[in-house]
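Residue numbers (my numbering), protein chains in the order written: chain A, 7 to 331; chain B, 7 to 331.
Idealized CB from N, CA, C, for every residue including glycine.
Shown next, in structure tokens, is the structure this report addresses.
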DNA sequence: GACCGACCTGCAAACGATTGCGTTAAGGTG
DNA sequence: CACCTTAACGCAATCGTTTGCAGGTCGGTC
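Encoded structure:
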């Protein structure tokens with residue numbers, strides 16, 4: 007049926023072990039023999055059987071990537087970079103999404119565990135305890151979730167949130183809302199904590215919310231009632247939904263209320279008004295996570311974020327002239 | 007190290023073959039024995055080794071999904087649905103993107119071929135000949151590319167393009183542009199052909215273009231010079247880029263020029279002006295493609311598209327009153 | 001000229017599951 | 001009671017690689 011190491015051995019007149027070595031330990035085989043074997047392999051179109059290889063070696067050269075929601079524009083750039091990084095080192099990438107469901111998340115980890123060398127877990131919703139237990143079965147690196155003792159790559163959302171709030175303060179806003187993310191979200195908690203520590207700002211927290219456009223729309227009435235002039239949303243999707251919901255309620259952005267998103271996703275970038283947002287290095291995170299996994303290093307990496315000021319923020323009406331000078 | 011079928015056999019006092027059968031052919035083993043084996047497996051936390059299984063059986067229970075560009079918002083819903091469909095049948099999904107590069111596309115197919123039971127190839131850029139040759143090495147299903155003899159799932163873009171153009175005609179437009187996609191794109195060719203057959207419409211084709219926002223921006227000057235009042239763009243990203251580019255040139259959408267996109271992606275949905283676009287059943291396509299692959303059926307499936315009229319289209323200035331009645 | 005590395009290469013036992021075949025026991029039929 | 005069928009299970013070969021071990025050859029050194 008398919009061409010095996012044995013066929014190549016026969017064709018080049020050597021033993022199978024020599025063929026094996028020309029691929030996995032070339033320095034152990036004579037240069038001349040090696041070229042002969044490679045020629046035969048080429049001619050027969052031989053391709054090693056990864057199942058057999060991993061059965062013997064215990065390594066699969068596969069890695070798994072689990073995200074909360076593939077359709078959330080935050081993830082595709084991360085996945086793309088992760089895939090490219092994996093491929094560069096001859097690894098293949100399994101991808102799956104949990105639909106924000108912790109149970110499914112655990113099932114996926116378990117399902118992957120016997121078939122990958124490691125897992126990149128993005129924005130996990132499982133408890134610390136559950137994650138620590140799982141880490142005994144399979145090695146993984148966490149993205150945007152920090153747990154002592156586990157390898158992590160996190161983005162500095164706290165700093166991003168501070169920058170966003172400072173931007174609002176500079177524009178003259180004093181009373182602002184934080185439209186938070188889902189309950190189990192580490193980043194949402196980080197943002198919340200960071201924001202609460204900012205002095206001179208009257209902050210009302212609205213949430214938890216679904217991290218989607220619908221979440222933003224649903225939060226709009228509560229934002230409108232809160233009497234705020236500025237909003238930091240959990241992500242771009244929520245920000246956009248919020249803007250849409252506010253529009254329906256007759257509230258103008260950025261005229262009446264300024265809105266800042268999170269992620270700097272393509273959807274936010276192309277939205278009108280152009281979204282002021284906190285840029286997240288999703289691609290860097292994806293790449294680093296798989297590199298750490300493949301080198302099987304343990305580390306706690308922090309990636310910088312930065313504020314991108316565009317058009318969804320402006321001075322509040324009452325102090326408009328101050329910001330317009 | 008890890009718990010194998012042998013451990014389970016020992017723990018439950020039966021032969022390994024019986025354990026194997028309780029998992030892969032339960033009806034061949036006595037009910038009582040089966041529960042005993044299952045209990046032991048559960049207690050030992052046994053999980054079958056897929057490498058060993060696929061080595062013996064020749065099947066991997068993996069499938070590969072290759073797309074042109076993971077960051078293009080058209081694909082994530084397709085990937086999400088494909089992954090869900092695969093998972094429902096205990097398959098896992100490899101994902102990779104080619105960056106629109108035919109060479110990388112072929113490399114990926116080859117790299118996957120020994121490790122999957124089949125490949126879903128979305129919007130392939132390879133030649134018919136190359137694809138036919140590859141199909142001898144590994145079975146695949148093509149999405150949005152029709153080739154006789156190969157299993158395909160295509161969306162009826164021709165009909166979508168006709169509906170879009172008819173919409174423009176009804177609004178009073180007579181001279182329109184088609185901002186085409188990349189050179190190797192089957193859908194772009196289909197759209198072009200369909201549009202050329204529409205009577206009573208003066209169509210200028212602009213392209214090929216990169217299927218991205220940048221592609222749209224780059225095409226804007228040529229659209230402005232073409233003296234058209236309506237545009238059908240290759241996809242939402244191009245449409246949005248085009249709108250942005252036109253805006254810079256002082257051309258208003260939809261006031262001066264109407265623009266229609268393709269895909270109905272999230273990015274287009276959230277854009278302002280709300281994008282009139284041809285909705286593509288990406289999720290359906292992803293699901294069907296993996297289902298066809300798993301059932302290893304060959305078929306040529308056509309999925310319907312439909313026009314979604316929103317706010318990026320309006321009557322042309324010169325006959326505005328006609329459309330406004 | 002005996003001995004010693006350094007290099008290559010062959011041998012064969014694994015890795016963990018699947019599966020055709022053979023054996024045994026139980027039950028049914030005439 | 002002899003015979004046959006069926007159900008349940010054990011036996012052992014096998015899938016394609018990897019890798020520790022054991023030669024074998026060759027050139028160089030004392």
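Quickly, what does DSSP pair residue 160 of chain A with across the bridge? List them, please. DSSP lists A/308 as partners of residue 160 of chain A.
Do you know how far the Cα of residue 125 of chain B is from the Cα of residue 239 of chain B? Cα to Cα, residue 239 of chain B sits roughly 29 Å from residue 125 of chain B.
Using the rule of at least 16 other Cβ atoms within 10 Å of the residue's Cβ for burial, across every protein chain shown, is residue 38 of chain B buried or exposed? Counting the other CB atoms within 10 Å of its CB gives residue 38 of chain B a total below 16, which places it among the exposed residues.
By alpha-carbon positions, which one of A/186, A/262, A/193 and A/141 ends up nearest to residue 299 of chain A? It is A/141 whose Cα lies nearest to the Cα of residue 299 of chain A.
Determine the DSSP secondary structure at residue 329 of chain A, reduced to helix, strand or coil. Since pLDDT at residue 329 of chain A reaches only 38, below the 50 mark, its modelled position is unreliable, and no value is offered.
Helix, strand or coil: which one does DSSP assign to residue 226 of chain A? Looking at residue 226 of chain A - three-state DSSP - the assignment turns out to be helix.
Please list the residues of the segment 197 to 230 of chain A that have a C-beta atom closer than 9 Å to any C-beta atom in chain B, keeping them in chain order. Listed by position along the chain: 219.
Please tell me whether residue 57 of chain B has its Cβ less than 7 Å away from any Cβ of chain A. At a cut-off of 7 Å between C-beta atoms, residue 57 of chain B counts as an interface residue with respect to chain A.
Could you run through the segment 269 to 284 of chain A and flag, in chain order, every residue whose CB is less than 7 Å away from some CB of chain B? Within the segment 269 to 284 of chain A, the residues whose Cβ lies closer than 7 Å to some Cβ of chain B are 272, 273, 276, 277 and 278, listed in chain order.
Taking beta-carbon pairs under 9 Å, can you tell me which members of the segment 131 to 150 of chain B lie near chain A? So the close ones are 143.
Does residue 328 of chain A pass the burial test, meaning 16 or more other C-beta atoms within 10 Å, or should it be called exposed? Bear in mind that the predicted position of residue 328 of chain A carries a pLDDT of just 39, short of 50, making it unreliable; the figure below should be weighed with that in mind. Residue 328 of chain A is exposed by the Cβ-count criterion.
Would you say residue 85 of chain B lies against chain A (beta-carbon separation less than 7 Å)? Interface criterion met: the Cβ of residue 85 of chain B is under 7 Å from a Cβ in chain A.
Report the start-end ranges of each alpha helix (DSSP H) in the segment 234 to 283 of chain A that is 4 residues or longer and not cut off at the edges. As far as the segment 234 to 283 of chain A is concerned, its whole alpha helix (DSSP H) runs of at least 4 residues are 242 to 254 and 272 to 276.
With a threshold of 8 Å on Cβ separation, who are the neighbours of residue 96 of chain B within its own chain once the five nearest residues in sequence on each side are excluded? Cβ neighbours of residue 96 of chain B within its own chain (closer than 8 Å, five residues either side excluded): 67.
3-residue-minimum beta strand (DSSP E) runs that sit fully inside the segment 134 to 183 of chain B, ordered along the chain: As summarised for the segment 134 to 183 of chain B, the continuous beta strand (DSSP E) elements at least 3 residues long and confined to that stretch are 146 to 149 and 157 to 161, given in chain order.
Boundaries (first-last residue) of the beta strand (DSSP E) holding residue 208 of chain A: Start and end: 208 to 212.
At a CB-CB cut-off below 8 Å, which residues of chain B make contact with residue 10 of chain A? Chain B residues near residue 10 of chain A: none, gap ~11 Å exceeds 8 Å.
Of the listed residues B/110, B/63, B/290 and B/256, nearest to residue 87 of chain B (C-alpha basis): When the alpha-carbon of residue 87 of chain B is set against those of B/110, B/63, B/290 and B/256, the nearest one is in B/290.
Specify the secondary structure class of residue 338 of chain A as computed by DSSP and reduced to three states. Only positions 7 to 331 of chain A appear in the structure, and residue 338 of chain A is not among them; the question remains open.
Segment contact, 8 Å Cβ cut-off, at least three pairs: the segment 262 to 269 of chain B with the segment 94 to 113 of chain B: Three or more Cβ pairs closer than 8 Å define a contact, and the segment 262 to 269 of chain B falls short of that threshold against the segment 94 to 113 of chain B.
With C-beta atoms as the reference, is residue 317 of chain B less than 7 Å away from residue 279 of chain B? Cβ atoms of residue 317 of chain B and residue 279 of chain B: closer than 7 Å.
Relative to the alpha-carbon of residue 191 of chain B, which residue among B/304, B/56 and B/241 has its alpha-carbon at the smallest distance? The shortest C-alpha separation from residue 191 of chain B is found at B/241.
Just the C-alpha distance for residue 9 of chain A and residue 51 of chain A, rounded to the nearest angstrom, thanks. C-alpha separation (whole angstroms): 8 Å.
Cβ-based burial, residue 205 of chain B [other Cβ within 10 Å; buried from 16]: Exposed, by the Cβ-count rule.
Which partner residues does residue 314 of chain B have in the DSSP bridge list? B/283.
Reference residue 158 of chain B; option with closest CA among B/165, B/167, B/147 and B/122: When each option's Cα is compared against that of residue 158 of chain B, the closest is B/147.
Going along the chain, which unbroken runs of the alpha helix (DSSP H) with 4 or more residues stay wholly within the segment 66 to 133 of chain B? DSSP runs (the alpha helix (DSSP H)) wholly in the segment 66 to 133 of chain B: 81 to 94 and 108 to 119.
Interface residues of chain A around residue 53 of chain B at Cβ under 8 Å? What residue 53 of chain B touches in chain A: 116, 119 and 120.
Can you tell which of A/256, A/321 and A/293 has its C-alpha closest to the C-alpha of residue 309 of chain A? Here the closest residue by C-alpha is A/293.
Check whether the Cβ of residue 325 of chain B lies closer than 7 Å to any Cβ atom in chain A. In this predicted model, residue 325 of chain B has a pLDDT of only 45, less than 50, meaning its place in the structure is not dependable; the value taken from the coordinates is given anyway. Chain A, which has no Cβ nearer than 7 Å to the Cβ of residue 325 of chain B, makes this no.
Count Cβ pairs between the segment 80 to 94 of chain B and the segment 51 to 61 of chain B that sit closer than 8 Å; are there 3 or more? Inter-segment contact for the segment 80 to 94 of chain B and the segment 51 to 61 of chain B is absent: fewer than three beta-carbon pairs are separated by less than 8 Å.
Could you tell me whether any Cβ in chain B is nearer than 7 Å to the Cβ of residue 89 of chain A? At least one chain B Cβ lies under 7 Å of residue 89 of chain A.
Can you tell me whether residue 227 of chain B is buried or exposed, with buried defined as 16 or more other CB within 10 angstroms of its CB? Under this definition residue 227 of chain B is an exposed residue.
Measure the CB-CB distance between residue 80 of chain B and residue 271 of chain B and report whether it falls below 7 Å. Yes, the Cβ-Cβ distance between residue 80 of chain B and residue 271 of chain B is below 7 Å.
Can you tell me whether DSSP reads residue 35 of chain B as helix, strand or coil? Note: residue 35 of chain B maps to coil in three-state DSSP.
Would you check whether the ligand SAM has a heavy atom nearer than 6 Å to the C-beta of residue 120 of chain A? Absence of the ligand SAM is noted for the structure shown, with no ligands found whatsoever.
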